[in-house]
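Take the position in the sequence shown, starting the count at 1, then add 6; the result is the number in the numbering used here.
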Amino acid sequence: MLHMSRSGRRLRFRAVSFTRQELVLVAVTVLWGATFLVIHTAMDHSGPWFFVGLRFLTAGLFSIILFHRVLRGMCWRDLGAGLAIGVTISASYGLQTVGLQTVSSSTSAFITAMYVPLVPLIQWVVLRRRPGIMTMGGAGLAFVGLILFADLGSVGFRLGEGEVATLLSTLPLAAEIILIGFFAGRVHLGRVTIVQLVTAGLLALAAMPVAGESVPEFSWVWLLAGVGLGAASCIIQLAMNWAQRTVSPTRATISYAGEPVWGGVFGRLAGDRLPPIAVLGAAFIVAGVLVSELKPRPAKRESATEAMDPV
Numbered sequence: 007m008l009h010m011s012r013s014g015r016r017l018r019f020r021a022v023s024f025t026r027q028e029l030v031l032v033a034v035t036v037l038w039g040a041t042f043l044v045i046h047t048a049m050d051h052s053g054p055w056f057f058v059g060l061r062f063l064t065a066g067l068f069s070i071i072l073f074h075r076v077l078r079g080m081c082w083r084d085l086g087a088g089l090a091i092g093v094t095i096s097a098s099y100g101l102q103t104v105g106l107q108t109v110s111s112s113t114s115a116f117i118t119a120m121y122v123p124l125v126p127l128i129q130w131v132v133l134r135r136r137p138g139i140m141t142m143g144g145a146g147l148a149f150v151g152l153i154l155f156a157d158l159g160s161v162g163f164r165l166g167e168g169e170v171a172t173l174l175s176t177l178p179l180a181a182e183i184i185l186i187g188f189f190a191g192r193v194h195l196g197r198v199t200i201v202q203l204v205t206a207g208l209l210a211l212a213a214m215p216v217a218g219e220s221v222p223e224f225s226w227v228w229l230l231a232g233v234g235l236g237a238a239s240c241i242i243q244l245a246m247n248w249a250q251r252t253v254s255p256t257r258a259t260i261s262y263a264g265e266p267v268w269g270g271v272f273g274r275l276a277g278d279r280l281p282p283i284a285v286l287g288a289a290f291i292v293a294g295v296l297v298s299e300l301k302p303r304p305a306k307r308e309s310a311t312e313a314m315d316p317v
């Protein structure tokens, strides 16, 4: 039953429908969900910053093979956009991979989901686009979920190093989505993809001495995982750059909302067993993600008889 407000209007929510571009972004989340488990496994054989460097330099190489013919037309706008996005990619994936050294793939996936409510909040601070009440409510639900995830064994609120690194990774990840949306349609897809992937890889390798990390001993695990995820990253960044030419950053987050679910599914298949309170926290995070994207709208004024009838 729908209830009338005092103004005589009923509140409805816009139905969520997906365009072809948004369906591509949904497919991206499936790939993202699978990467958590792969990276978590690779961290037994490699340091995080080396692995991220290998992953994105490999992705950059794939993109160069695909778009080498357009490099001659590189302009300052393409270069600047690629550098800016590349910085956010390196920071977000680097910190996320640091976290995956100590947290499970399922936990990482659900904490990473915090970036979804962050997108409209960052747009508010940076671009002065005030989020709606549902966005604020969604952020609150996600924060409650994070608290439940923070310390699964005691009553107090505590975050371990892995959880903190994962949480921090959501800030540059949200910035990446906003930047892609900002530059979409203004730059060349192929050239920007090359620059952002190569930039991300080089910055990650440059972070190794700062983090006190050395080149790991050879292992087929990190090699195959790095090359495989490099190819996946090339596809993912191309898909995001293409789809967000017509999909706004806030709207894109609806498609991205399935990422923690897929991460949890793949983690479960691999043997992750979250305790009940963690599952509850995951439910709050997913609820916050979805609530933050609901757009209430007043229904058209109808006759008093029609408005009072149950639907």
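Where is the CB? At the ideal position from N, CA and C, for every residue including glycine.
CB-CB length for residue i against residue j, believed under 8 Å
{"i": "residue 25", "j": "residue 238", "result": "In fact, because the Cβ distance is near 23 Å, the residues do not count as touching under 8 Å."}
{"i": "residue 183", "j": "residue 255", "result": "5 Å"}
{"i": "residue 188", "j": "residue 198", "result": "At roughly 12 Å, the Cβ-Cβ gap does not stay under 8 Å, so residue 188 and residue 198 are not in contact."}
{"i": "residue 236", "j": "residue 48", "result": "About 12 Å; that fails the 8 Å criterion."}
{"i": "residue 293", "j": "residue 147", "result": "5 Å"}
{"i": "residue 218", "j": "residue 76", "result": "At roughly 39 Å, the Cβ-Cβ gap does not stay under 8 Å, so residue 218 and residue 76 are not in contact."}
{"i": "residue 166", "j": "residue 108", "result": "7 Å"}
{"i": "residue 242", "j": "residue 101", "result": "Contact flag wrong, Cβ pair sits at about 18 Å."}
Buried or exposed (CB count within 10 angstroms, at least 16 for buried), residue i
{"i": "residue 192", "result": "exposed"}
{"i": "residue 71", "result": "exposed"}
{"i": "residue 82", "result": "exposed"}
{"i": "residue 290", "result": "buried"}
{"i": "residue 221", "result": "exposed"}
{"i": "residue 216", "result": "exposed"}
{"i": "residue 52", "result": "buried"}
{"i": "residue 287", "result": "buried"}
{"i": "residue 272", "result": "buried"}
{"i": "residue 68", "result": "buried"}
{"i": "residue 63", "result": "buried"}
{"i": "residue 230", "result": "exposed"}
{"i": "residue 225", "result": "exposed"}
Given residue i as reference, the closest of the options once Cα atoms are compared
{"i": "residue 232", "options": "27, 38, 60 and 68", "result": "60"}
{"i": "residue 194", "options": "78, 47, 120 and 45", "result": "78"}
{"i": "residue 121", "options": "99, 110 and 109", "result": "99"}
{"i": "residue 227", "options": "46, 212 and 93", "result": "46"}
{"i": "residue 211", "options": "102, 107, 54 and 125", "result": "54"}
{"i": "residue 119", "options": "129, 92, 132 and 151", "result": "151"}
{"i": "residue 252", "options": "289, 186 and 235", "result": "186"}
{"i": "residue 203", "options": "168, 93 and 76", "result": "93"}
{"i": "residue 140", "options": "126, 44 and 131", "result": "126"}
{"i": "residue 131", "options": "229, 181 and 249", "result": "181"}
{"i": "residue 110", "options": "219, 224, 216 and 39", "result": "39"}
{"i": "residue 50", "options": "103, 201 and 95", "result": "103"}
{"i": "residue 90", "options": "249, 75, 116 and 179", "result": "179"}
{"i": "residue 168", "options": "176, 84, 124 and 105", "result": "105"}
{"i": "residue 84", "options": "268, 247 and 117", "result": "247"}
{"i": "residue 201", "options": "37, 87, 36 and 249", "result": "87"}
Original post:
Okay, do the region 43–63 and the region 194–207 touch, 3+ Cβ pairs below 8 Å being the bar?
Top reply: yes
Original post:
Three or more C-beta pairs closer than 8 Å, one from the region 25–39 and one from the region 164–173: is that the case here?
Top reply: no
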